[in-house]
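Peer 1: Protein sequence lines, in the order shown, are assigned to chains A and B. Those letters in the first sequence? Residues 55 to 391, per the numbering used here, in order. Those letters in the second sequence? Residues 55 to 391, per the numbering used here, in order. Glycine included, C-beta positions come from ideal geometry on N, C-alpha and C.
There are 2 protein chains.
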Amino acid sequence: MQDTPPGRPTLETVARLAGVSRATVSRVVNGSTAVKPGVREAVARAVRELGYVPNPAARSLVTQRTDVVAFVLPEPATRVFSDDAFFPGVLRGVGEELEAADKQLLLLLASAPSSHERILRYVHGRTVDGVVLASLHGADPLPASLEALGVPVVASGRPLGPATFPYIDVDHAGGVEAAVRYLLQRGRARIATIAGPQDMVAGIDRLAGYRAALAGTDQEPLVAVGDFTRESGMVAMRRLLQEEPGLDAVFVASDLMADGALRALRQAGRRVPDDVAVIGFDDVEIARFTEPTLTTVRQPIAEIGRRLARQVLRRAAGEDIEPALVLPTELVLRESA
Amino acid sequence: MQDTPPGRPTLETVARLAGVSRATVSRVVNGSTAVKPGVREAVARAVRELGYVPNPAARSLVTQRTDVVAFVLPEPATRVFSDDAFFPGVLRGVGEELEAADKQLLLLLASAPSSHERILRYVHGRTVDGVVLASLHGADPLPASLEALGVPVVASGRPLGPATFPYIDVDHAGGVEAAVRYLLQRGRARIATIAGPQDMVAGIDRLAGYRAALAGTDQEPLVAVGDFTRESGMVAMRRLLQEEPGLDAVFVASDLMADGALRALRQAGRRVPDDVAVIGFDDVEIARFTEPTLTTVRQPIAEIGRRLARQVLRRAAGEDIEPALVLPTELVLRESA
DNA sequence: AAGGGGATTGAGAGCGCTCTCAAAACGCAC
DNA sequence: GTGCGTTTTGAGAGCGCTCTCAATCCCCTT
């Protein structure tokens with residue numbers, strides 16, 4: 055019997071059992087090639103026998119890496135985190151990609167505005183190798199602060215101001231334009247829109263797409279603004295109906311709001327799509343279950359997450375990455391338009 | 055000018071600037087009382103001036119703590135992660151509580167069954183101080199393996215077999231019984247149920263509650279089984295209608311399935327609640343937006359998350375904790391019943 | 001058989017922090 | 001002033017791992 059010291063086995067323990075030095079065990083554990091097959095096998099056996107697992111803290115201390123990537127969800131996004139399928143979807147994509155790369159996912163749900171300080175502290179303390187930022191509102195100072203600390207940052211969504219850091223986004227305007235053109239092409243004569251918050255690029259760009267599509271026509275834009283929630287969609291739809299009872303189509307900047315809008319339309323006695331055509335944006339699960347089912351602009355949610363992770367990892371590995379990656383959207387036809 | 059060494063400041067740097075020893079700086083940073091006010095102030099100033107942030111890896115190496123808690127979402131749960139409000143809701147609760155305790159949240163989304171090994175590795179490597187397990191299916195070997203490694207584990211949901219580890223759950227059966235009793239009391243004469251998966255305690259217990267409520271009556275149980283998704287709720291409802299066209303009420307084991315059931319009822323031309331009363335379970339956001347709005351059994355989702363975190367932290371701190379914590383549920387009356 | 005060169009291996013120096021233990025400093029009673 | 005009991009402070013030993021650098025092997029070549 056080996057007299058194994060008590061407690062978790064360390065490199066030293068393994069080395070002793072295998073009759074080699076710590077350095078050699080380290081080489082085997084980290085897959086270095088410069089180890090003779092026989093020795094490698096003996097070490098591997100010792101590792102297995104002892105159930106050795108490297109201590110990540112010790113490793114980080116010397117490598118200066120942690121193999122951890124933070125996913126930061128700022129306050130406003132946290133609020134809708136469990137009501138919306140978007141962030142969980144992105145998060146899942148990020149998780150998938152990180153798992154594939156054997157990195158860990160640290161989730162920072164900033165439930166209070168004060169969490170900013172906490173986030174910076176983590177990053178400053180080199181707790182993480184990189185940061186994925188979800189959902190930036192307005193002129194968030196966070197990305198700049200992070201960049202200043204020299205940590206790779208990739209954001210979901212183009213920032214409002216000048217982009218001083220890489221981001222992934224989808225072609226909001228293009229997708230919306232296609233959707234509104236589709237409505238025009240089907241003969242809709244009075245197309246309104248329920249826009250998203252105008253302090254978020256997603257809100258702004260989708261509205262811009264709507265305006266762009268209408269620009270070449272004789273239709274005047276008709277806009278109500280919501281905040282991406284169902285309630286706001288309902289309220290906005292009612293307002294639009296009141297303002298323009300004759301509208302026969304509406305592009306809604308999110309599926310959740312579209313669901314609310316459908317409800318308001320139903321309550322107002324309008325038939326969809328006969329009286330009013332509705333097109334949403336996102337293509338989250340609910341779109342397949344509204345009544346009627348929702349025609350919508352699909353954005354590749356999980357793919358956004360995967361790309362975010364991939365870019366931040368590449369950046370952390372010292373690679374240069376594209377300052378922006380814009381993923382395509384796609385009009386998905388269902389019953390509502 | 056101080057000649058500050060380049061790179062991140064360490065304890066040493068701070069110590070030199072403040073003219074004290076490393077130990078003293080450590081004491082100040084960690085809030086030990088045994089430091090003279092004057093010295094403490096000088097050290098604090100140096101810390102501020104240098105922007106010193108402790109290196110968590112170095113700290114973990116000696117303290118044997120990481121201040122990280124893992125939230126593990128097994129494969130099946132990951133699949134529904136972005137379509138359901140339950141797990142994101144629990145996760146949010148966990149995040150809140152951990153933030154308050156200044157702990158970090160490591161998210162392990164097990165996208166493949168093979169991730170088990172990965173999870174164990176993290177835990178074994180002492181990457182985390184504790185583990186919160188969400189959604190255990192059947193006889194999952196994971197908690198036992200984790201316990202064996204001596205890591206505090208707290209599960210969301212009572213395990214199927216004998217509970218060898220602490221868990222938090224809600225009073226499924228009690229809540230359902232109350233709901234079905236309510237239906238009985240309102241004169242419903244043929245009450246069916248759409249149950250959840252029978253390899254999950256939530257599925258089993260809710261069905262048991264239904265049976266229990268019917269036990270004292272002359273009604274025979276009428277059961278269809280779903281898997282907590284909307285689709286399965288729709289399918290199950292159709293099956294029930296076919297089997298028993300005369301049913302006048304249905305308790306559905308999740309809001310998402312209830313939403314599907316409502317749709318199936320509408321398509322079958324049944325009015326809710328006039329022809330058929332519907333009660334769901336969960337009280338997620340969608341319950342307030344179905345048509346008609348959904349009467350449902352509320353479970354305190356975020357609170358479950360908070361309790362999970364609290365218990366695992368207490369356990370990690372060496373405290374003894376309750377082997378089980380059962381939170382109450384509550385019938386929320388809306389339009390559907 | 002000797003010499004050279006690449007392949008393997010091991011010794012040892014940290015990485016930045018905590019914590020024990022002993023020394024130094026201080027306060028106070030006498 | 002002396003002595004004793006507290007505080008307060010500092011020195012130094014690791015925590016477990018990686019990585020450089022030098023030593024040792026081995027295998028050819030001549």
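Can you name the residues that DSSP bridges to V185 (chain B)?
Peer 2: In the DSSP output, where bridge partners are listed per residue, V185 (chain B) has B:A124 and B:V207.
Peer 1: Can you tell me whether DSSP reads D223 (chain B) as helix, strand or coil?
Peer 2: DSSP places D223 (chain B) in strand when its eight states are reduced to three.
Peer 1: Would you mind stating whether G250 (chain B) and A307 (chain B) have Cβ atoms separated by less than 9 Å?
Peer 2: Going by C-beta atoms, G250 (chain B) is nearer than 9 Å to A307 (chain B).
Peer 1: Any idea what DSSP makes of D336 (chain A), helix, strand or coil?
Peer 2: If DSSP states are grouped into helix, strand and coil, D336 (chain A) belongs with the strands.
Peer 1: Are there 16 or more other CB atoms within 10 angstroms of the CB of R216 (chain B), so buried, or fewer, so exposed?
Peer 2: It is Pro, not Arg, that sits at residue 216 (chain B) in the sequence shown. Exposed.
Peer 1: Confirm, please, whether the CB-CB distance from A303 (chain B) to A391 (chain B) is below 9 Å.
Peer 2: Yes, the pair counts as a contact, with Cβ atoms nearer than the cut-off.
Peer 1: Compare the C-beta of P128 (chain A) against all C-beta atoms of chain B and say whether one is closer than 9 Å.
Peer 2: Taking Cβ atoms only, chain B never reaches closer than 9 Å to P128 (chain A), which makes this a no.
Peer 1: Could you pull out every unbroken alpha helix (DSSP H) segment of at least 4 residues lying fully inside the region 79-123 of chain A, listed in chain order?
Peer 2: Those alpha helix (DSSP H) runs which fall completely within the region 79-123 of chain A and span 4+ residues are 91-104 and 110-117.
Peer 1: Measuring only the C-alpha atoms, how far is D313 (chain A) from L187 (chain B)?
Peer 2: So the alpha carbons of these two residues sit roughly 33 Å apart.
Peer 1: Let me see if you follow: with CB-CB separation under 9 Å, is S80 (chain A) close to chain B or not?
Peer 2: Not an interface residue.
Peer 1: Return the CA-CA distance between G85 (chain A) and P108 (chain A), expressed in angstroms with no decimal places.
Peer 2: When rounded, the distance between both Cα atoms is 13 Å.
Peer 1: Would you list, in chain order, the members of the region 169-182 of chain A that have their beta-carbon closer than 8 Å to a beta-carbon of chain B?
Peer 2: Answer set for the region 169-182 of chain A: S169, R172, R175, Y176, H178, G179, R180 and T181.
Peer 1: Cutting at 8 Å between CB atoms, please list the residues of its own chain near R395 (chain A), excluding the five before and the five after it.
Peer 2: Nothing can be reported for residue 395 (chain A), as the shown portion of chain A is limited to 55 through 391.
Peer 1: Among B:S210, B:D156 and B:P327, which one has its Cα closest to the Cα of L379 (chain B)?
Peer 2: Out of B:S210, B:D156 and B:P327, B:S210 has the C-alpha closest to the C-alpha of L379 (chain B).
Peer 1: Quick check on the burial criterion: 16 or more other C-beta atoms within 10 angstroms. Buried or exposed for Q158 (chain A)?
Peer 2: With 16 or more other Cβ atoms within 10 Å, it is buried.
Peer 1: Taking buried to mean at least 16 other C-beta atoms within 10 Å of its own C-beta, is T120 (chain A) buried or exposed?
Peer 2: Buried, because 16 or more other Cβ atoms sit within 10 Å of the Cβ of T120 (chain A).
Peer 1: According to DSSP, is F282 (chain A) part of a helix, a strand, or is it coil?
Peer 2: Note: F282 (chain A) maps to coil in three-state DSSP.
Peer 1: Using 9 Å as the threshold, is the C-beta distance between L367 (chain B) and L161 (chain B) below it?
Peer 2: Against a cut-off of 9 Å, the Cβ pair of L161 (chain B) and L367 (chain B) comes out as no contact.
Peer 1: Can at least three beta-carbon pairs, one atom from the region 123-137 of chain B and one from the region 338-356 of chain B, be found at a separation below 8 Å?
Peer 2: Too few Cβ pairs lie closer than 8 Å, so no.
Peer 1: Under three-state DSSP, which class holds V230 (chain A)?
Peer 2: Of the three classes helix, strand and coil, the one that applies to V230 (chain A) here is helix, per DSSP.
Peer 1: As an exercise, report each continuous beta strand (DSSP E) stretch of at least 3 residues that is fully enclosed by the region 268-317 of chain B, in chain order.
Peer 2: Listed in chain order, the complete beta strand (DSSP E) runs (minimum 3 residues) inside the region 268-317 of chain B are 277-279 and 303-306.
Peer 1: Check V351 (chain B) in the structure and name its three-state DSSP category.
Peer 2: It is a strand residue.
Peer 1: Got a sec? Which residues, its chain only, sit under 6 Å from A96 (chain B) by beta carbon, not counting five neighbours each side?
Peer 2: Excluding sequence neighbours, A96 (chain B) sits near A72.
Peer 1: Touch check for the region 273-292 of chain B and the region 318-330 of chain B: three-plus C-beta pairs under 8 Å?
Peer 2: The region 273-292 of chain B, when compared against the region 318-330 of chain B, does touch it at the 8 Å Cβ threshold.
Peer 1: Express the C-alpha separation of V207 (chain A) and L115 (chain B) in angstroms, rounding to a whole number.
Peer 2: Answer to the nearest angstrom: the Cα atoms are 27 Å apart.
Peer 1: If the criterion is Cβ atoms closer than 9 Å, does the pair V122 (chain A) and V74 (chain A) meet it?
Peer 2: Contact: no.
Peer 1: Can you tell me which of the three DSSP states I248 (chain B) falls into?
Peer 2: Three-state DSSP puts I248 (chain B) in a strand.
Peer 1: If we cut at 9 Å on Cβ distances, does A232 (chain B) have a partner in chain A?
Peer 2: Not an interface residue.
Peer 1: When DSSP labels each residue in this structure, what does L152 (chain A) get in the three-state scheme?
Peer 2: Three-state result, L152 (chain A): helix.
Peer 1: Assuming V134 (chain A) is part of the alpha helix (DSSP H), what are its boundary residues?
Peer 2: That run of the alpha helix (DSSP H) goes E129 to V134.
Peer 1: Just verifying my parser: in three-state terms, what is the DSSP assignment at P377 (chain A)?
Peer 2: Coil at P377 (chain A), not helix or strand.
Peer 1: Can you tell me the Cα-Cα spacing of A232 (chain A) and L385 (chain A), whole angstroms?
Peer 2: Approximately 7 Å, taken between the alpha carbons.
Peer 1: Any beta carbon of chain B sitting closer than 9 Å to that of A139 (chain A)?
Peer 2: Interface residue, yes.
Peer 1: Check whether the region 248-265 of chain A and the region 219-239 of chain A are in contact - that is, three or more C-beta pairs closer than 8 Å.
Peer 2: Contact between the region 248-265 of chain A and the region 219-239 of chain A is present, because at least three Cβ pairs lie under 8 Å.
Peer 1: Looking only at C-alpha atoms, which of B:V205, B:M288, B:L348 and B:V234 sits nearest to T271 (chain B)?
Peer 2: When only C-alpha atoms are compared, the closest one is B:V234.
Peer 1: Quick check: L145 (chain A) and L163 (chain B), are their CB atoms within less than 9 Å of each other?
Peer 2: Against a cut-off of 9 Å, the Cβ pair of L163 (chain B) and L145 (chain A) comes out as a contact.
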